[in-house]
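Asker:
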């Protein structure tokens, strides 16, 4: 039986049965999940539109894996769309020059630099009370509760994986709920995945090979990005279930000049 | 009889009222206010509860202390002229909402204003209704006042000093209304007072009953003024004052305050007062300057600057609390001064299709909370410096702005992750190029290096730099390859790991 005749047969049966069993053959209408483009075509293709809005997206990988570049590119898209974004920097590693070079409107970016051990007794006392990771989680919580941010990046890129994994699941669950209410993209930048089932999507980044110009200049890198976990796919309301197909799980992209 | 209509507002015992206005915790206690240099201080003012316990004006400190020892609960406070000036401004601000023509008639420790209320009937109704509204407004501002309304300026002033509550003297009835008031209400000279006392004149009515010609023949022309005052017919040329609009509140504590809760308790009343005064002029508070005078003649200054002018009391108080929590005063607080700048009321036109941005007032509180967590100067927007030195920026205050939508195109550029402060490393060179480095924990073998990229600048200043930068690909045992930025500081002859490419 050809595909066309199967579709025609399906339609015929649906029309015949629609009064008796209105939902018998029609899939339930599902929520349409909004996505925001990352600005990298290969990644957007991999995620079918981009990172999810109102959910947690994780971008993971070791150092020099292109994860920060990917997130900066995503923020550049958000700020270009007039959105206000925030970067919660647990390790004070954010580089404003790289951000500006990637097209982020810095005036629309709120940067929270969690502090390390202070010099004065008062600062040491404060540092004792709020360790850097704790500061970052509190700051993210406050920003999510405030609402109105297009994207919030929780940068745990230099935080040891064993520390990041100790963040309670209840915290991630709360963040997920708050991000959903505020319609904010919460992007977690970390060495390994730590949001577990609360993450809507998890991307694993890795460096493939450097791009060298004339053997004297390091121009950039080829990166590989792998979709580790995706909770839901963007789904148009009322759309019929699409035919099953194999979606790519790996994308390859490269950078331009060095930041 | 004149055609005018005057309302005199009088706050008796103003030094104590000025102190208690912002201190609801003291309002239920007997209070006396002392003035003068120690140890020769004297009681200059007191509240009703203190008077009931036997306190009187001009008592010495010793007498007041012995009275406090007998009765218990009597509190002795020093007079605060600065606080009285702030309270006077607040009172003037309040009465100015009822009439633009105001003349000050303060005497001794009482603060009084006479309002020309002619022609205000359409706005506020008959004189009694106006007086009631005026008294309610002043009561809300923390002042207990007596109000007298009369067609004669002096009759209103004298009646306000002699009565409590509201008294309205009908036009033409000034003489009978004043008749029973004591003669002491007229500001007679000592000689005049003695003479009248010898004659047995005790009340204004008795003075008014004397024949004017005989009185002048015996006491001189000045007696004519007293006679007219007693009759309620003495004319007056009204001299209105221009109330300067300044939003300032001051409170001096009787003992140094260390707890922030106590400070905020008083601060809340002060913000209330500022908000009300700004709101009467249809304005908001654009910024509030908090000045704390500390022990040891030190001062601590903070500024609360909401993104949009606001008259939300809770919001401003929260900002003040967070600001003080972020930079607490290093010593106990002796006095608190709030000076506010008025701004136009915040009205933001939102677009239906404009991207969502954080609500300004909520964002202010959030940023203040973030500063309390991360520290001052660590929350904001990065602004790149216009210099050639790499990594130079400063933080500025964040303000959510709606900007026009732009299409973002172009390939992403390799980003850096900075190490702050840079990590000192030991580098092994081979043919003048890095061949390996050790960061104190791990050794890395350099697989490729690109450079040096030499830069220098500001050689004429303290923050000069002279360095060689190397883009390095490195590999350590059992770890993923790294791309990092190694810098050779030529001035100090040392290597640093500045950043990772990521």
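Residue numbers (my numbering), protein chains in the order written: chain S, 71 to 329; chain C, 4 to 505.
Here a beta-carbon is modelled for each residue, glycine too, at the ideal position from N, C-alpha and C.
Note that the structure is predicted; figures quoted are calculated from it, not measured.
1. Output, in chain order, the set of chain S residues within a Cβ distance shorter than 7 Å of residue 360 of chain C.
2. Around the Cβ of residue 12 of chain C, are there at least 16 other Cβ atoms within 10 angstroms (buried) or fewer (exposed)?
3. Start and end of the beta strand (DSSP E) containing residue 395 of chain C?
4. Which runs of the beta strand (DSSP E), 3 residues or longer, sit entirely within the region 271 to 344 of chain C?
5. Taking the alpha carbon of residue 206 of chain S as the reference point, which residue from C/283, C/235 and C/378 has its own alpha carbon closest?
6. By alpha-carbon positions, which one of S/325, S/270, S/280 and S/323 ends up nearest to residue 121 of chain S?
7. Just list the alpha helix (DSSP H) runs in the region 118 to 176 of chain C, keeping only unbroken ones of 4 residues or longer that don't cross its boundaries, in chain order.
8. Let me know the alpha helix (DSSP H) ranges lying completely inside the region 52 to 102 of chain C, each 4 residues or longer, listed in chain order.
9. Can you pull the chain C residues whose beta carbon is under 7 Å from the beta carbon of residue 184 of chain S, in chain order?
10. Which bits of chain C does residue 110 of chain S rub up against, with CB to CB less than 7 Å?
11. Does DSSP classify residue 197 of chain C as helix, strand or coil?
12. Whether or not the region 311 to 323 of chain C and the region 288 to 297 of chain C are in contact is what I'm after, with contact meaning three or more pairs of Cβ atoms, one per stretch, closer than 8 Å; do they touch?
13. Does the CB of residue 287 of chain S have a neighbour CB from chain C at under 8 Å?
14. Can you find a CB in chain S that lies within less than 8 Å of the CB of residue 474 of chain C?
15. Decide if residue 357 of chain C is buried, meaning its Cβ has at least 16 other Cβ atoms within 10 Å, or exposed.
16. Using 8 Å as the limit for Cβ to Cβ distance, is residue 160 of chain S near chain C?
17. Name, going along the chain, the residues of the region 378 to 390 of chain C whose beta-carbon falls closer than 8 Å to a beta-carbon of chain S.
18. Count the other CB atoms, across all protein chains shown, that sit within 10 Å of the CB of residue 466 of chain C; report buried if there are 16 or more and exposed otherwise.
19. Counting only the same chain and skipping the five closest in sequence on each side, list residues whose C-beta sits under 6 Å from that of residue 246 of chain C.
20. For residue 202 of chain S, which of helix, strand or coil comes out of DSSP?
21. DSSP three-state label for residue 166 of chain S, please.
22. Taking CB distances under 8 Å as the criterion, tell me whether residue 297 of chain S reaches chain C.
23. Among C/26, C/10, C/7 and C/77, whose alpha-carbon lies nearest the alpha-carbon of residue 37 of chain C?
24. Any idea what DSSP makes of residue 238 of chain S, helix, strand or coil?
25. Identify each residue in the region 251 to 272 of chain S for which the Cβ-Cβ distance to at least one residue of chain C is less than 8 Å, and report them in chain order.
26. Count Cβ pairs between the region 225 to 243 of chain C and the region 200 to 211 of chain C that sit closer than 8 Å; are there 3 or more?
27. Whose C-beta lies closer than 8 Å to the C-beta of residue 314 of chain S among residues of the same chain, with five residues either side of it excluded?
28. Output needed for residue 280 of chain C: all residues of its chain with C-beta closer than 7 Å, excluding positions within five of it in sequence on either side, in chain order.
29. For residue 127 of chain S, report the span of its beta strand (DSSP E) as first-last.
30. Under the assumption that residue 181 of chain C contacts residue 162 of chain C (Cβ atoms under 8 Å), give the Cβ distance between them as a whole number of angstroms.
31. How far does the alpha helix (DSSP H) with residue 455 of chain C in it extend, from its first residue to its last?
32. Can a CB atom of chain C be found closer than 8 Å to the CB of residue 248 of chain S?
33. Do three or more CB pairs link the region 36 to 51 of chain C to the region 166 to 174 of chain C at distances below 8 Å?
34. Residues in its own chain within less than 7 Å of residue 42 of chain C by CB, not counting five upstream and five downstream?
35. Near residue 231 of chain S, which residues of its chain fall below 8 Å by C-beta distance, leaving aside the five closest residues on each side in sequence?
36. Put residue 190 of chain C into one of helix, strand or coil per three-state DSSP.
Answerer: Straight from the coordinates:
1. 154 and 218
2. buried
3. No beta strand (DSSP E) contains residue 395 of chain C, which DSSP labels as neither H nor E.
4. 286 to 297 and 301 to 307
5. C/378
6. Ranked by how close their Cα comes to the Cα of residue 121 of chain S, the residues S/325, S/270, S/280 and S/323 have S/270 in first place.
7. The region 118 to 176 of chain C contains these whole alpha helix (DSSP H) runs: 124 to 127, 130 to 143 and 156 to 165.
8. Secondary structure within the region 52 to 102 of chain C: the alpha helix (DSSP H) runs of 4 or more consecutive residues, fully enclosed, are 64 to 74 and 84 to 98 (chain order).
9. 377
10. 415
11. Residue 197 of chain C: helix per DSSP, three-state reduction.
12. yes
13. Chain C, which has a Cβ nearer than 8 Å to the Cβ of residue 287 of chain S, makes this yes.
14. yes
15. exposed
16. no
17. 378, 381, 382, 383, 384, 385, 386 and 387
18. The C-beta of residue 466 of chain C has fewer than 16 other C-beta atoms within 10 Å across all chains shown, which makes the residue exposed.
19. 95 and 99
20. helix
21. helix
22. no
23. C/77
24. coil
25. 253
26. yes
27. Only weak support is given to the placement of residue 314 of chain S: the predicted model assigns it a pLDDT of 45, under 50, and the question is left unresolved by the model.
28. The residues are 93, 96 and 250.
29. 125 to 130
30. 7 Å
31. First-last for residue 455 of chain C: 446 to 460, but that is the beta strand (DSSP E), not the alpha helix (DSSP H).
32. no
33. no
34. 64
35. Cβ within range, chain order: 260, 261, 262 and 264.
36. Of the three classes helix, strand and coil, the one that applies to residue 190 of chain C here is coil, per DSSP.
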